[in-house]
Structure formats: C-alpha cells, structure tokens
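Participant: First, the structure itself, so that you have it in front of you.
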Amino acid sequence: EITHFHTPTRTFHSIDLAICSPSLLPFFSLQTDPDLHNSDHFPIILTDNRHSHLHTVFSRFKYDLANWTKFTSTACITTTMVCDNPIDTAVNQITETLIAAAENSIPQTKNNFRRQRKVWWNSDCREAYKNQRKAWGRFRRYPTTENLILYKQAKAYSRRVQRRSQRESWERYVSSLNSTISSKKLWEKVKKASGIFTDHNINILYQNGIPVTSLQDIANCIASTLSQTSNSTTYPSSFQNHKKLAEKQKLNFKSNSYAPYNTDFTFHELKVCLSEVKNTSPGPDNISYQMIKHLSNSSLQNLLYLYNRIWHEHCFPSSWQQAIIIPIPKPGKDPSNPLNYRPIALTNCLCKLMEKMVNRRLVYYLEHNKILSPFQSGFRPGRCTIDNLLALETDIRTTFLKRQHLVAIFFDIEKAYDRTWRYGILKDLFNCNLRGNLPIFIQNFLRLRQFRVKVGYQLSDPFIQEEGVPQGSVLSVTLFALKINSIFKHLQPSIKSFLYVDDLYISCSGDNMTFIERQLQIAVNKLTEWSILNGFTFSTSKTSCVHFCRKRRLHPEPEIKLYGQVINVVSEVKFLGIIFDKKLTFLPHVLQLRKKLDRALNILKVLSNTSWGASRLSLLRVYRAAILSKIDYGCTIYGSARQSVLQKLNTIHHSALRLCSGAFRTSPVESLYVECHEPSLEYRRQMLTLHYFSKILTNPNHPYFNYKQSRFLQRLQDARPSVVPSFFTRAAGLLHDFNLDTAQLLPSPVILLTPWIPHGLKFLNPFENYDKTNTASDIYLKLFTHHRELYHHFIPVFTDGSKSSTQTSFACVFINSTLSFQLHPACSIFTAEIRAILHLLSEISNYPADNYIIYSDSLSVLQALSSLHRHSHPLAFRILDLHDRLVCRGFSILLCWVPSHVGISGNEIADIAAKNASAVLDNSTPFKDFKHYINLALHSRWENHWNSQSMNKLRSIKPVVESWPTLNNRKADTIVTRLRVGHTRYTHRHLLMGEQAPMCTQCNCIMSVLHILSECPNFNSLRLRYFQTSSISLTDLLGKTPHVHLLPFLKSIGFYPLI
C-alpha cells in the first residue's frame, strides 16, 4: 500500500510499517485513506472487526440439527398435487408442502445478529457456562473458600469445554477443505472461529454522481445496472440491424419424429442427478437440495411425474424464471461503483435438478455427434484449463527451438454471459438438428427471466434480464459453449486457437513477421465479422498481443488492428491464471505467485498461535488447501522455468512446513520434508507432470492424444540442448528416468453412456444374508450346492485375481481347462479381477452359444459392473460391450459372487492358478493404477535420497519416509519435533545471532540434543530415575511413540523451556 507522498519529486512511496501479533490479526483490518488531509502521509485506518453493523439477517435452516425422519414423513408430494393441477399450481403446492415440513422438522437461525457469534458454540458450552454463572452467583452470595473452589472448578471446566468444542469444530472444517478454497474464504472461516463475522453490507453507491445510501435503493441501483447490461439496446447498432432481420425467421422445434433424447425422464436419471448435486444455497423458494434428497421414493416418483409433464406439455413454471442475485465486489475495484460487482445468482433447486437432467442429455448429444470443437476445453469431461496452457506453451517452446517468432493475441469478450444472444442460441440448437422436447424446454427456459438483488436483508424490485444466459443456471454453461463454438470455423489453417469458456487466444508462428502480421490481421477481421453476426463485442482495451521471441536483434512489434484500433503489444499477459512473458521465463508469474502466497502464509501464522487451530494435522490441511494448491496449479507448465526462478517458491514451502510442525528456523529442509511427510516442490512438479501426461495418453478426445514430436524437432533439440524442451519431451524424459515407460496405458472409452438408459450388469448373490466372519465354511458350501441345483443348466466358470509385491495376475477356470496370465506390476487387484472377467468372456465368445454363469469372489468388481458411469474402470465398458454382443448371438450369461477361501472347488483352483501365473498377457495399465504406480516410484526415489543423508540427525531416528502420529498438545508436539530434527533454540540459536556454539563445561564439547539427552554424565542419575538406564538411545526416546517420561525428564534437567 502507498503511504507517503514526496512533494519535491512528486512520487509515492511505501515507507510506513504496521506490525501486529498473530493472535490479534483476525480482529482488525487496516487500510489507507486516499486523502492526505494536508499531510505528506496517508492516514492509516484501523478497524475493529468485532463490532458489526448488521442487526438483522435472514433466518436459515440448521440442517445439522434436522429431524430428517420427521421431514420425510411429512413432506409428501402426492399424486393429486402433480396430476390434477396446472403446472404452476402444482409447483406452488410442492413448494408450500416442503417448506411447511421443513419448518416443523428443521430448526432455524434467529433473525437478530449477535455482536460476536461463535460458530463452535453448542449445547455443551452453553450448559458449562450456565453452571459457571451459577457457581459465581453462589460465591457472591456466600463467599466461602469451598464456594470459591467450586467456582474455579466450574470456570476451568467451562473453558476446557469451550476450547475442545472450538478445536473440534475447526478440525471438522479443515477436514472438508479442498484446493478450490481461496485465501479470502479461509480468512473468513478463521475470523468466524474467533467469533468475528465480516460485514458484507454495501454502505454507499454513487449513481451518476448522486450518493445512494439506503439498502433498498442500493439493491435497486445494482439491479438496474445488471438489467441494463443485458438490454438489447446495448448491442452495437450494426448487430441490432442484423438481430431484427434474423429474428423475423421463427424457429419451429416441433416434430413428430422419434428422438431418444425427447423421451420421458427415468427414475434412474433423477437419482443419478440428485446424487451428483452439492449442497448449495437455495433459491427464492428456500428449498434446498438437502430437502429434496430426503424425500421418500414415492414423493420423488411424483416429482418425476411433474418433471415429465413440464417436459412434454412444454410449459415452464413461472416461479422458476426468477433468481436472487448476491452482488460480490470485484477485488481491487471501487465498491461505490455499481458496475464493479459480480452477480452470484441463486435459482430454485427444483428447477436446477431438472436442468441437470436436461443438460446431461444435451451434453451427450453434443459430444456424441462431435459438435463442439476439440479446441474448446471449458466444462467438458476430461478437459481442464491446463489443456489450453499446454497448447500455448508447446507452441512457444517449438517456436524457440526453431528460432522463429510467435505472436499470440488474447481476446477479452465484454459481458460475454450477460450479452449472449438468446435467439442465436436457439438458432444453433436448430442447426444441430435438435427438435422436440429438448430445444422447446430450452426455449421456454430462456424466456422472461427475472431477478432481484439482495443487499443485507433487503431485496430489490423485480428486474428483467432481456438477453444473455441466466447466471447460476446449470444449462447456461453448455448453452454458452454451443453459442461461442462457431468462432473456430472462421479461422484459416495457419492460425492456432484455443478457447476456455470466454478466454480465447489465437497465435501464428513463422520466420517472417510480415507474414505473421498479415495472417493475424485476416484472422482478427474474420473474428470481428463473427462478433457482429453473433452479438459479442471484443474489448479493445483488454485485448492484448504478445510477441514471443528469443532473437536478440531488434525487430518491429506487430501492428494488428481490432475495430480500427491497434491492439496493445505487451511484454507479459495473464492467461487462465498463468503469466506468460515474451521470453517464457515465467519469472513474473513466480514473483506474483510468491507475493500472493506471502499473504496466505499469514493464515498459518495466526492459526499456529491459537489453542484451537494449532494441531499439525489441521495446519497441514490448511496449507495444502490454501497455499500448496496455488503452487500446484500450472506447475506442469511453469515448471519449465530455470531452477533459480523456481527456488523462489521453496522459501514459502519451507516456511509453511516450519509453521505447521513447529520446527526451529535452522532445521534442514530435508528433515522438514520427512517430519511433515510432505515432499519437496521439485518432486511434486515431477509427480503432477507425470499424472497429467498419463491423463492425456488415456484420453482419445484430447487434442494432444496422438501428439508426437517430429524427428526433425528431436534432432534439433539434441543439437540445441540449451533450449528448454517442450512439455512432452520433459514428461517422456521423466518416464524414462523413473523406468515407467514399460507400461502401455489403457485408453479411456470414447463412447458416452446414454443418460436415459441405466447401464450395468446385475449379479447374483445367494450369500448376501450371511456375514463371512460369523459363518462357517460348511454353511457356505451347502448354500453353493443349493445354488448350483437351481442353476444346473448354466455352465460354471470361475475367475480370480492375485496381487503381490512383485506381480499382478489373474486366472480363468473352465470345466476342462485353466488359463492364467501376468499383468503389468502397476495393475491393482481390482484390475486383475475385472481383467479376468473380460478375458473369460473373450474365451467364451470362441465357443457355440450356451448358458454360462461366471463366479467371482470380488464383490467390488461386481458392484462396479452393476452401475456404470463415466468414471468407471475402462475395462468395465469393454465387458458391457462384449456381453451385449454375446447376448445378441444367443448366449445367456450371468454373474455371481462367491466367498473366497471357503472350499468352493472352482474358486480355490482359480486362486492357486492366479498366484502361480507365469505367462505375460500384455502391459496395458489403466490410468488410476498407473497414477498410483507413479506415486510409488517417486516415493522410492525420495526414500533413496533420504538414505543418502548420512549426516542428518533425524535420519538416525526416522530411517523410513512415512507419516508418524502427532501429539495432541501443540507445545509437546513442537518440542518432540525439534528434538527429533536436532535443532533447538538452545543448541542452534547461535547460527541466527552470530554467537559461539554453546559448550558443555564438563565434557568440553558442543551442546547437542544427542549429548544432552543421551551422553552427558551430568544427567545420568536423572536418566536412571526416569528411564531405568543411564544410557538411552534417541530412537527409544523420540521414536514413533515418544517415551512417556520424556517431558518430565526434560523439565527435571532444565532443558524444557530452552527448546
């Protein structure tokens, strides 16, 4: 922050330093006043966050205290509701029924806002505090010694209960953390745990220079701004003329022909979609996903009937066209400007659930018919932002290798979501040959969208969103992707382009800058024509151009015009979260990342000084979610930077591990890695690089699935070793370095599962009512004999898999023959079991059609085959396909589970054959198994490196790299950690202070942890007292489970406070 203005030079400086202890940091916020107030220093404003200005809030349901049994029994969606009423009436009755049931079975929060709320405060805290108040009242009335003791005991117990509740509440929260949480959100959680709730109220806005202060007027002001953004009058005049002409042609989606995507929704689809939704905030009707998930099956069946009525009656409920907008201020923007707010829309969950079912069918149609471009990565299965970053980095590295130029233009589309042309979306659906219920539902879904803005406890008046896709809706992302998909059709072959949602870049490379400039200008002109015909507008101020080149001689920058204005040529650009500089050093990205991580590191400093959030496990979880996830993002790309650049992130990693473990500042980093069981950043980059590379090789739909560097480029790379190789060369080198290139990765299935048909193979389980641990083998044999009598006309065949430290194998047992094969060692036991079933079906296909029953002792494999989804094992899809082809040929094939090792003959033979398999079938390995194999290989490399640290003090105590349990007491855990590492405040502070190392006056040697705890004769008597021996090893004292008398011994020798 700028804090000083130097008048003579008219320059701004940051010379003021604010220091705060970690324990007080959550309670205060600091900002500078933009007015100097006749001084040369900007005033620094310190705000106490413990006093909120909010007094009224909306009540919410407390789902963790809900009586779901009562809710399920009272929230009955009846047949009469959904059959005998118009659709709007039916939706209203269902809403009223669910809300009434929720009010009777789910407690609600109070409307008043307490000054300091404690999210961890529960009934135990309340009862303990009540007893403390009672004891205090008794002591005040009768101030006896006995009553004083009782009061102190009650007070100590109350504090103990509150600390335990606070710690448990925080641990429950951190256990749910993932890499998507931002530092800002985590700070809010830390403050809430301290009893501070951030006031998100908007206090003032300026509309046309006029101040707006009341919440109602503020809400209306923001709503009016959002509504104006989506108004068709904001389109350029050229597009408005085209829009009027185009919309005169009415689109007729009605059709009498059969299309499977127009069939009624099934109960299977409803259950699948309901299982995938997250517990997000409810919409205007206040019905949440938690409520819908706890409806009875009969209520869900009736809800499904209503959905199907909406589907084929082509009537969209009017209440589902409304949304609540929560305005979130854009970071770094003026909060008094209504344009500087990002709308977060809350729509009805009942509507979003149906949208999800419709969206699954739409996505299946688009992907199955290959309508979406492979160069579009946004929100598509198996794709991510790294795909586009990889494409750009690969092209730049190849250009540098050829010593050519590459010019890339990064486009910014103004208000892309809010200004998407709705008729254009419907026209694209029509051109995709979609007819019937699906496009008609989308047509009704886009019509007459309304919203209200919520500020504090006030709602704005209803406003209309005339154009654009609805914010917060499930369908919006897919519809936007379809609308913008045609952008690729207007680019010439010499131009490369990739798109993630609305982040588009195009590039062209070559030796001749004139050729590059001409090709890019043609491409920009075509994109401009496309934008005029589709209602999009590229921002001339935010669109930028970067000339990537490593040639030293001077050359003119490209001059490319967009809407008649020259596109800004910059030296670096931020694209999908990664900063690309023109030399591709990634130094600007690493510096900015480090600056961001320095702020996030303050969270750990605060938590490590609390009584409730300072456990090592909690701190490590916070570190992985808030800091390490930011380092990991894009590291497969920026990991190609030189080591001097990447080392700037190591200090953050090391500081965080020291905070989490409590290790002393001079502790060796290798010891930190092993003690926290957290590898170095270099190992993590290698691991994530191999994970991503393997993922590409198993995804046939990925644009780089078949990418291979030409022999010319390989020879050129060998001739120019100083040039940083591309991602694929680096990843292939890592595979060879770790000896992982022997495996042949198994591609994921290209086919998509039809959403409206349940997929899977049902299996028999005649033993499901018997617990194996409590059932004798004789009973299982009798049950199996009875089962075979029922299915005597089926030929029995058996499969089994085996997994050891050296091999993975499987076996198939027929009546007269047994087949057994080895698989690649990376394969899991699950892969061996499922591969056995696939191989058995393949063998059966060579015989005449007959009845077969396949017996497997892997219940997990049979359950996986019974319900397939897109994340299922790739071999499961092959089994399903082969099974269907065999059935068509006249085979009848059943699957059945049998318990292992109970004496069933075929299963025992298969078990022995699998363990003794010697023939190698092939080296095909699925991605999940190979990913685990990569982790094992890197861990083995880490182990070998750790074994080479012969002088490391921790290695003698912890020779194996593994996770050790931590102590519950933070101080005790810190002391044990410092003793294990061998660096304490007493023995190593001289390294920081520039002093002489402490000496033992009796032994005339340098003080060390080993000498103090095990060798110094001064403490022999105390060792005999606590450990029954005068000489005890550090392994016995500080091993996996520290000695129970370690801490009393440290206190007795006076070393405890010096550690």
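With positions in the sequence shown counted from 1, the corresponding number in my numbering is that position plus 153.
Backbone N, C-alpha and C define an ideal beta-carbon position, used for all residues, glycine too.
1) What does the Cβ neighbour count give for Asp924, buried or exposed, with the cut at 16 atoms within 10 Å?
2) Run through DSSP, which three-state label would Pro1195 get?
3) Bridge partners for Val726 per DSSP, in chain order?
4) Please identify the residue among Thr1078, Trp1099, Asn220 whose C-alpha is closest to the C-alpha of Thr895.
5) Rounded to a whole number of angstroms, what is the C-alpha to C-alpha distance between Leu207 and Ile371?
6) With respect to the beta strand (DSSP E) encompassing Asp953, which residues constitute its N-terminal and C-terminal limits?
7) So Tyr658 and Leu554 are in contact, right, with Cβ under 8 angstroms, and what is the actual spacing, rounded?
8) Any idea which residues DSSP pairs Ile479 with across the strands?
9) Who does Gln261 pair with in a DSSP beta bridge?
10) Per the DSSP calculation, Asn721 is bridged to which residue(s)?
11) State the start and end residues of the unbroken beta strand (DSSP E) segment that holds Ser962.
12) Give me the Cα-Cα distance between Ser205 and Ser1019, rounded to the nearest whole angstrom.
13) Measure the C-alpha to C-alpha separation of Arg286 and Ala476 and round it to an integer number of angstroms.
14) If you count every other CB in all the chains shown that lies within 10 Å of the CB of His159, and 16 or more means buried, which is it?
15) Count the other C-beta atoms from every protein chain shown that fall within 10 angstroms of the C-beta of Ile987, then say buried if there are 16 or more, exposed otherwise.
16) Run through DSSP, which three-state label would Ala288 get?
17) Output the boundary residues of the beta strand (DSSP E) element that contains Trp1050.
18) So who's on the other strand from Thr1078, going by DSSP bridges?
19) Could you give the residue range of the beta strand (DSSP E) that holds Lys679?
20) Which residues mark the beginning and the end of the alpha helix (DSSP H) in which Lys223 is found?
21) Quick one: Cα of Gln393 to Cα of Thr386, how far?
22) Ordered along the chain, which non-local residues of its own chain (more than five positions away) have a Cβ less than 7 angstroms from that of Leu770?
23) Give me, in chain order, the residues of the same chain whose beta-carbon lies closer than 8 angstroms to that of Cys374; leave out the 5 immediate sequence neighbours on both sides.
24) Provide the residue span of the beta strand (DSSP E) that contains Asp656, from first to last.
25) Does the segment 469-486 touch the segment 515-534, meaning 3 or more C-beta pairs lie closer than 8 angstroms?
26) Could you check what DSSP says for Pro741 in three-state terms: helix, strand or coil?
27) With respect to the beta strand (DSSP E) encompassing Lys555, which residues constitute its N-terminal and C-terminal limits?
28) Examine the Cβ distances between the segment 739-750 and the segment 791-799 and report whether three or more of them are shorter than 8 angstroms.
29) Assuming Ile230 and Leu456 make a contact with CB atoms under 8 angstroms, what is their CB distance in whole Å?
30) Which residues mark the beginning and the end of the beta strand (DSSP E) in which Arg605 is found?
31) Since Val1073 sits in a beta bridge, which residues does DSSP pair it with?
32) Looking at C-alpha atoms only, which residue of Ala288, Asp1064, Asp614, Phe846 is the closest neighbour of Tyr860?
33) What residue range is occupied by the uninterrupted beta strand (DSSP E) comprising Lys649?
34) Our contact map puts Thr573 next to Phe641 with C-beta atoms below 8 angstroms; I'd like the distance itself, whole angstroms only.
35) Skipping 5 residues on each side, what residues in its chain have a beta carbon closer than 6 angstroms to that of Gly588?
36) Going by DSSP, what residue range makes up the alpha helix (DSSP H) through Pro646?
Facilitator: Put simply:
1) exposed
2) Looking at Pro1195 - three-state DSSP - the assignment turns out to be coil, as it is neither helix nor strand.
3) Phe733
4) Thr1078
5) Unreliable placement is indicated for Leu207, whose pLDDT of 47 sits below 50; the coordinate value is still reported in the next sentence. Their Cα atoms are separated by approximately 16 angstroms.
6) 948-956
7) Contact annotation, Tyr658 with Leu554: C-beta distance approximately 20 angstroms; criterion of less than 8 angstroms not satisfied.
8) Ile497
9) Phe214
10) Ser697
11) Looking at the DSSP string, the run of the beta strand (DSSP E) that includes Ser962 is 961-966.
12) Reliability of the predicted coordinates at Ser205 is poor, the pLDDT of 48 falling under 50, and the value obtained from them is presented with this limitation in mind. One C-alpha to the other measures close to 54 angstroms.
13) 47 angstroms
14) Burial call: exposed.
15) buried
16) In the structure shown, Ala288 sits in a helix (DSSP, three-state: H, G or I).
17) 1045-1050
18) Leu898.
19) Segment 666-687 is the alpha helix (DSSP H) holding Lys679; no beta strand (DSSP E) there.
20) DSSP places Lys223 inside the alpha helix (DSSP H), whose first and last residues are 221-227.
21) 8 angstroms
22) Thr1119
23) Leu358, Gln360, Val365, Pro491
24) 656-663 is the extent of the beta strand (DSSP E) around Asp656.
25) no
26) helix
27) That residue, Lys555, is in no beta strand (DSSP E); its alpha helix (DSSP H) goes 538-555.
28) A contact exists between the segment 739-750 and the segment 791-799.
29) 5 angstroms
30) Per DSSP, Arg605 is one residue of the beta strand (DSSP E) stretching across 602-608.
31) Gln975
32) Phe846
33) 649-653
34) Going by Cβ atoms, the distance from Thr573 to Phe641 rounds to 17 angstroms, so no, they are not a contact pair.
35) The question names Gly, but residue 588 in the sequence shown is Arg. Answer for Arg588: Phe406, Ser408, listed in chain order.
36) Run containing Pro646: none; DSSP gives neither H nor E here.
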